[in-house]
Every structure is written in C-alpha cells, then in structure tokens.
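The structure appears below as structure tokens.
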Ligand SMILES: Nc1ncnc2c1ncn2[C@@H]1O[C@H](COP(=O)(O)OP(=O)(O)OP(=O)(O)O)[C@@H](O)[C@H]1O
Ligand SMILES: [Mg+2]
C-alpha cells in the first residue's frame with residue numbers, strides 16, 4: 017500500500033528563554049493509506065509536537081512532511097486551509113464549543129468552509145448517526161458524558177470528509193469502559209470510511225486494541241517501529257519492553273519470578289512469547305512428553321490485538337542441564353520467542 021503520510025528527516029526545535037528544545041529529532045515515517053498507526057511514548061517524548069506537524073499547526077525546523085501529496089510544512093494561507101480539510105483531529109479534552117449544541121458543534125467546520133446551512137445540518141445529522149448520538153442533537157456539551165463529548169469531537173473532525181484522523185490522547189481522559197467504546201468507534205469508522213488514523217498515546221492497551229502498526233518515541237526520536245504483533249513478541253529497545261510489560265506483566269509477576277530465581281537454583285525460569293496460531297498449541301504437553309523435564313507454570317496470559325492473539329507464559333523448567341537446554345531449543349523452533357529470566361531481565 018502506498019504511504020498517505022511521509023515524514024522525511026523531520027526535526028522540530030522550539031527556541032525558549034532557556035535555550036533550544038528539540039521536541040522531534042530526525043524522524044522519518046511512512047504511514048499507509050487505510051491503516052491505524054499508533055505512536056507511543058512517555059510524557060515529553062514529542063508525540064504532540066509530531067502530530068501537530070502533520071496538520072501544519074507546527075512547521076518543521078527541517079525535513080519534509082507530506083500528507084496526501086501536499087507538502088504541509090511548506091504551504092500556508094488558503095492552500096494550507098484547504099489541505100487541512102483532508103485532516104481531522106480529536107483531542108484529550110475534546111475542545112468543544114460550550115455555547116453550542118451537539119449539532120451546531122458538528123456543523124461548525126462546515127460553517128467555516130462556507131457550506132450552506134441546510135446542507136450542513138443534513139451532514140451533521142448523518143454524522144450524529146455515524147457516531148451514535150441520536151437523541152442528543154440539541155444537548156450542550158456540559159450535558160454530555162466524556163464518551164459522548166468525544167463522539168461529538170469525532171463527528172466534528174469527520175465533517176469535511178477527511179482522509180486522515182489524528183488523535184492526540186483521545187481516550188486518556190476516559191474510564192476504561194468508555195475508552196473501549198471510543199476505540200471501537202474508531203475501528204468502525206476506519207473500516208467503513210477507509211479512513212487513515214494516526215493516534216498517539218502512552219497506554220499500550222490502546223495500541224493493542226486497535227493499531228496495525230506502532231512507532232515508539234523517546235526523546236524526540238522514533239526508536240522502534242513495526243507491526244503490532246511483531247513488536248509485542250520481539251520488543252528490541254528497553255523502553256518498548258517496558259510498554260509491552262504494561263500488558264503482560266503485573267508487578268506481582270516480577271516479584272514472583274525474583275523469588276523463584278532465588279528459590280530454584282536448578283533449572284530455568286523462562287518466558288515464552290507467542291503470537292498468532294502458536295497460542296493455540298499444547299506446547300507444554302509436548303515438552304513434558306518429549307523431554308525429561310518437570311514444568312511448573314507460574315503465570316500465563318493471552319491478549320487479543322487488532323491483528324490476532326499474543327500470549328506470554330512464564331514457566332519453571334527443571335531437569336538435567338542438557339534436557340532443559342533441549343526443551344528450550346525445541347520451543348525456540350516453534351516460532352516462540354524464549355527469554356531465560358535472570359534478575360537483570362526483570363526491568364522495573
Ligand atoms: N510550544 C513549545 N515551546 C517550547 N517547548 C515545547 C513546546 N511544545 C512542546 N515543547 C517541549 O517539547 C518536548 C516535547 O513535548 P510534546 O508536548 O510534544 O510531548 P508529548 O510526548 O506530547 O508529551 P505528553 O505525553 O506530556 O503530552 C517537551 O520537552 C516540551 O516541554
Ligand atoms: Mg502530548
């Protein structure tokens with residue numbers, strides 16, 4: 017698939033009273049048409065700066081930002097306003113107009129674009145259906161729940177039929193259940209409208225639930241990037257491992273493993289990371305049958321990603337040095353990523 021968004025060596029430096037801050041540092045990315053692309057990073061990593069470069073709210077200090085064939089960093093005035101109609105955006109705190117009703121909020125971008133009243137109200141009603149706000153057309157934002165407010169935000173962002181929807185921590189102010197319903201809505205409009213979605217978050221669950229690919233940002237740089245399942249199974253950077261652990265390892269797991277490493281000097285404590293169909297195989301039964309080892313299951317978890325299942329299993333394998341090594345080799349040959357746990361591998 018051809019990229020809809022291309023960043024080539026993009027850098028954003030903010031001059032401040034206390035010197036320059038490099039918020040985005042030499043980032044190159046290709047985001048494909050129709051995909052849901054996630055960018056994850058901790059606070060201050062440069063995520064919002066990056067997403068604002070995508071709709072021209074910020075200009076790159078150097079490098080090129082292409083969205084739907086337009087050089088967003090170079091254009092301005094009318095040309096930029098036109099290009100922006102292809103790019104919708106939603107925010108953590110919704111940014112609604114408090115003195116306007118749901119319908120008026122949604123119709124607002126059409127008003128700006130000079131669409132006649134009758135037409136824009138018709139379009140607003142279509143969008144109200146799309147985001148499931150029927151019956152709330154005449155409510156004011158203050159009368160809505162957080163989830164409903166974000167639905168208004170989404171409908172408004174879609175008013176001009178954009179090709180891209182940018183989401184800056186769009187679910188960070190919502191409770192887990194409401195977050196899920198908004199994520200489902202995003203997947204639904206991605207499928208129904210073929211809309212490309214770029215979302216930024218600091219929560220790996222958001223990436224897990226809806227993204228096709230993910231980029232990890234740290235100190236203004238993209239340090240790791242790939243298909244979600246691949247990155248979950250084979251995280252390379254320490255920061256990525258930490259994010260993946262948000263999903264697979266509760267704090268107790270680390271304590272339990274540390275305790276076991278002290279308790280069982282023989283054998284190995286290992287982590288198996290599975291992706292896709294291997295999660296359905298009786299791997300432990302195969303190990304017990306084929307090797308002279310004892311296996312104690314410590315903890316396991318399978319989670320669903322947008323691309324298929326991903327699982328992690330911690331086991332203690334005991335037996336002679338040789339049999340344990342053979343068993344581990346066998347698992348490695350089954351497309352399972354094996355990590356032999358040590359105190360050092362228990363990052364916090
Ligand atoms: N307008 C600005 N002027 C000066 N510095 C800025 C400006 N905007 C952001 N920064 C700095 O750039 C860096 C990246 O900020 P940015 O808001 O892009 O990070 P973020 O990943 O979105 O963080 P958060 O998760 O807290 O929203 C930070 O050090 C921030 O202080
Ligand atoms: Mg931010």
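Numbering (my numbering), first residue to last: 17 to 364. Where is the CB? At the ideal position from N, CA and C, for every residue including glycine. This one's a predicted model, so the numbers in the text were calculated from it and none came from an experiment.
Rounded C-alpha distance that separates residue i from residue j
i           : j           : result
residue 254 : residue 340 : 27 angstroms
residue 338 : residue 249 : 26 angstroms
residue 239 : residue 19  : 20 angstroms
residue 208 : residue 137 : 22 angstroms
residue 43  : residue 220 : 21 angstroms
residue 320 : residue 228 : 13 angstroms
residue 98  : residue 323 : 34 angstroms
residue 22  : residue 53  : 13 angstroms
residue 224 : residue 195 : 13 angstroms
residue 67  : residue 103 : 11 angstroms
residue 294 : residue 353 : 11 angstroms
residue 355 : residue 289 : 8 angstroms
residue 231 : residue 56  : 6 angstroms
residue 58  : residue 218 : 6 angstroms
residue 11  : residue 318 : The structure shown does not extend to residue 11, since the chain is modelled only from 17 through 364, so no value can be given for it.
residue 297 : residue 276 : 26 angstroms
residue 149 : residue 79  : 41 angstroms
Residue i: CB within 8 angstroms of a non-hydrogen atom of ligand 2
i           : result
residue 216 : yes
residue 234 : no
residue 241 : no
residue 184 : yes
Sequence-distant residues of its chain with Cβ nearer than 7 angstroms to residue i (five each side left out)
i           : result
residue 309 : 303, 333, 334, 335, 339, 340 and 343
residue 172 : 121, 122, 124 and 125
residue 260 : 220, 248 and 251
residue 274 : 359 and 362
Contacts around residue i, its chain only, beta-carbon distance under 6 angstroms, and the 5 residues preceding and following it disregarded
i           : result
residue 210 : 50
residue 291 : 245, 249 and 326
residue 154 : 117
residue 86  : 99
Residues near residue i by beta carbon distance below 8 angstroms, same chain, minus five either side
i           : result
residue 252 : 240
residue 40  : 26, 27, 28, 62, 65, 66, 69, 76 and 236
Around ligand 1, Cβ to any heavy atom closer than 6 angstroms, ordered along the chain = My final list is 30, 32, 37, 39, 57, 59, 60, 61, 62, 63, 64, 65 and 218.
Just list the beta strand (DSSP E) runs in the segment 151 to 221, keeping only unbroken ones of 3 residues or longer that don't cross its boundaries, in chain order.
-> Those beta strand (DSSP E) runs which fall completely within the segment 151 to 221 and span 3+ residues are 180 to 184 and 212 to 217.
Which runs of the beta strand (DSSP E) fall wholly inside the segment 282 to 325 and span at least 3 residues, in chain order?
-> Here the runs fully enclosed are 284 to 291 and 309 to 321.
Within the segment 56 to 143, note down every full alpha helix (DSSP H) run reaching 4 residues or more, in order along the chain.
-> For the segment 56 to 143, whole alpha helix (DSSP H) runs of length 4 or above, ordered along the chain, are 63 to 70, 93 to 100 and 118 to 128.
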